[in-house]
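Below you'll find the structure, written out as structure tokens, and then a few comments.
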Amino acid sequence: MHDSATGKLQLAAQREQCAAQLIAGVSRAARMTAFVGLDGFVDEILHVVDKRENAEKYLRLPTISQLAERLAAAAGRSANIELVSQLTKLGGNGPIMANALASFGLKVTYLGILGYPNLHPVFADFANRAEVHSIAEPGCTDALEFEDGKIMLGKHQSLKQMNWENIGSRFGHDKFAAQFTSADLIGFVNWTMLTHMSDIWSAVLKEICPAMKGPRRKLFFDLADPEKRTPDDIRHALKLITAFEKYFDVILGLNEKEGYEIAEVLGLKSAEHSPAGMLELCKAIHSKIPVDTIVIHPTACAMASGRDGAFIVEGPFTPKPKITTGAGDHFNSGFCLGKLLGFPTDRCLLTGVTTSGFYVRAGHSPNLTELAKMLRHWPEER
Numbered sequence: 000m001h002d003s004a005t006g007k008l009q010l011a012a013q014r015e016q017c018a019a020q021l022i023a024g025v026s027r028a029a030r031m032t033a034f035v036g037l038d039g040f041v042d043e044i045l046h047v048v049d050k051r052e053n054a055e056k057y058l059r060l061p062t063i064s065q066l067a068e069r070l071a072a073a074a075g076r077s078a079n080i081e082l083v084s085q086l087t088k089l090g091g092n093g094p095i096m097a098n099a100l101a102s103f104g105l106k107v108t109y110l111g112i113l114g115y116p117n118l119h120p121v122f123a124d125f126a127n128r129a130e131v132h133s134i135a136e137p138g139c140t141d142a143l144e145f146e147d148g149k150i151m152l153g154k155h156q157s158l159k160q161m162n163w164e165n166i167g168s169r170f171g172h173d174k175f176a177a178q179f180t181s182a183d184l185i186g187f188v189n190w191t192m193l194t195h196m197s198d199i200w201s202a203v204l205k206e207i208c209p210a211m212k213g214p215r216r217k218l219f220f221d222l223a224d225p226e227k228r229t230p231d232d233i234r235h236a237l238k239l240i241t242a243f244e245k246y247f248d249v250i251l252g253l254n255e256k257e258g259y260e261i262a263e264v265l266g267l268k269s270a271e272h273s274p275a276g277m278l279e280l281c282k283a284i285h286s287k288i289p290v291d292t293i294v295i296h297p298t299a300c301a302m303a304s305g306r307d308g309a310f311i312v313e314g315p316f317t318p319k320p321k322i323t324t325g326a327g328d329h330f331n332s333g334f335c336l337g338k339l340l341g342f343p344t345d346r347c348l349l350t351g352v353t354t355s356g357f358y359v360r361a362g363h364s365p366n367l368t369e370l371a372k373m374l375r376h377w378p379e380e381r
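Here the sequence shown stands for residues 0 to 381, where the numbers follow numbering that gives the first Met the number 0.
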């Protein structure tokens, strides 16, 4: 039998074993808890019009480069760009990740900025699936989606209200500590946009962590596109993330772009732009940030460096996704689910890419039965 055929059989066997473990873990997942925060956005998903045929029908501008050309051609003149709304949905790394974890059956508590004093209506369904607390108004994102990526146009005025003082006065430091010291999984996401996040982490490390007892639990971090933050800010955030490893099994999740940015800040050589190169970069980052696991998730695959080694897993990539905004957050939720269920790192990658692959096709988060079904009936699209 050819090596490629043997490899396919081995991958199919891995997916079948992973699916069986997920089904066996349904009742365990239902007993697990997650505490996630701290952002919140109202996302409007938009398409850019290329040509309008009539009042109802138009051709979509398919690629970011074509939009760039149109914008560049307008320099010194002007341009009229038409956007067509596809849907308005809950947004923000935290709500999307938390919503996905709730779909797996976990008991989720969310603290963020989802409307204050009343929740924004877009979060109503989320509030029915999780225990939701909000201390400020959400940000707003216009997400321009293309076949080759997305452009997120954000309005962030309210995000500065997510700070340690407001957590205390509008939620309660004791309530925060109770969640933080008991949840099986804690997720701190969107550091880049939440400008007080490092201060919150410092306060938690100083005021809450030293008194913690009990078994080590999982703590997940997602910086969320740190390009606009200074290298010193990023290095300080990474130092704080590393400090949490004293108390938790820490997971740092990065997408491909973030992987290269973090490598540059750490003074690492830029890797070749290939899966093998990204895997080496992941291992190099892990050598500089000694936490439990470093994960990088490009579009078509994912790689991680953990205590049990470094691995790369190909994902169920589709060239025609139904939705892409939130794909990375779904990967993160799937990866963390694997960690909670005690999977080895390569199988955590498999649950991550499958969760993301399901979401971009279906437009909603999978439950564990749907996730297992997709693992068993792996879509072959290229």
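Cβ atoms here follow ideal geometry from the backbone N, Cα and C, with glycine treated the same way.
Residue nearest to Pro214 within the set Phe247, Pro116, Thr191, Thr324 is Phe247 (criterion: CA-CA distance). Between Cys347 and Phe334, the CB-CB gap stays under 8 Å. Phe175 places its beta carbon less than 8 Å from that of Ile166. Ser332 is not a Cβ neighbour of Thr298, given a cutoff of 8 Å. The C-alpha of Ala182 lies about 19 Å from the C-alpha of Gly252.
Minimum Cα-Cα distance from Ala283 among the listed residues Leu218, Ser64, Thr87, Lys268 corresponds to Lys268.
For Ile150, the three-state secondary structure derived from DSSP is strand.
Cβ atoms of Phe145 and Ile63 come within 8 Å of each other, at about 5 Å. In this structure, Met196 is the residue among Met196, Val131, Gln9, Pro320 with its C-alpha nearest to the C-alpha of Trp163.
The region 67-80 makes no contact with the region 306-326: fewer than 3 CB pairs, one atom from each, lie closer than 8 Å.
With a cutoff of 8 Å on beta-carbon distance, Ala303 and Thr344 are scored as near each other.
Note on Lys88: 16 or more other CB atoms within 10 angstroms of its CB, so buried under the neighbour-count rule.
By the C-beta density criterion, Leu152 is exposed, having fewer than 16 other C-beta atoms within 10 angstroms. Measuring C-alpha to C-alpha distances from Ser157 to each of Lys149, Asp141, Thr194, His172 identifies Thr194 as the nearest. DSSP places Arg59 within a strand segment (E or B) once states are collapsed to three. With respect to the C-alpha of Ile207, the residue from Ala223, Ala361, Lys245, Asp221 having the closest C-alpha is Lys245.
Along the length of the region 36-99, whole beta strand (DSSP E) runs at least 3 residues long occupy 40-51, 57-59, 82-90, reported in chain order.
Sequence-distant Cβ neighbours of Lys287 in its own chain, meaning closer than 6 Å and more than five residues away, are Leu265. By the CB criterion at 8 Å, Glu43 and Ser84 fall inside the cutoff.
The C-beta distance from Gly138 to Gly39 rounds to 7 Å, short enough to fall under 8 Å. Between Leu45 and Leu105, the C-beta gap is not smaller than 8 Å, which leaves the two residues out of contact. DSSP places His132 inside the beta strand (DSSP E), whose first and last residues are 130-133.
Per DSSP, the continuous alpha helix (DSSP H) segment holding Ile166 begins and ends at 163-169. By the neighbour-count criterion, in which 16 or more other beta carbons inside 10 Å mark a residue as buried, Gly171 falls on the exposed side.
Nearest Cα to Ala326 within the set Phe342, Lys319, Val352, Leu340: Val352. Cα atoms of Ile322 and Arg360: separation of roughly 7 Å, rounded to the nearest angstrom. The distance from the Cβ of Asn366 to that of Phe125 is about 16 Å, inconsistent with a contact at the 8 Å cut-off. Residue environment: Asn127 is assigned as exposed (fewer than 16 neighbouring CB atoms within 10 Å of its CB, all protein chains considered). Close CB contacts of Pro320 within its chain, under the 6 Å cut and outside five residues either way in sequence, are with Val359 (chain order). Asp141 sits in a strand when the DSSP states are folded into three classes.
Taking C-beta separations shorter than 6 Å and ignoring five residues to either side along the sequence, the partners of Gly362 in its chain run Lys321, Ile322, following chain order. By the beta-carbon neighbour count (other beta carbons within 10 angstroms, threshold 16), Pro209 is exposed. The C-alpha of Ala301 is placed about 21 Å away from the C-alpha of Ala97. It is roughly 11 Å from the alpha-carbon of Val107 to the alpha-carbon of Ala28. For Leu58, same chain residues with a beta-carbon under 6 Å away, outside a window of 5 residues either side, are Asp49, Lys50 in chain order.
Between Leu100 and Arg69, the alpha-carbon positions lie close to 40 Å from each other.
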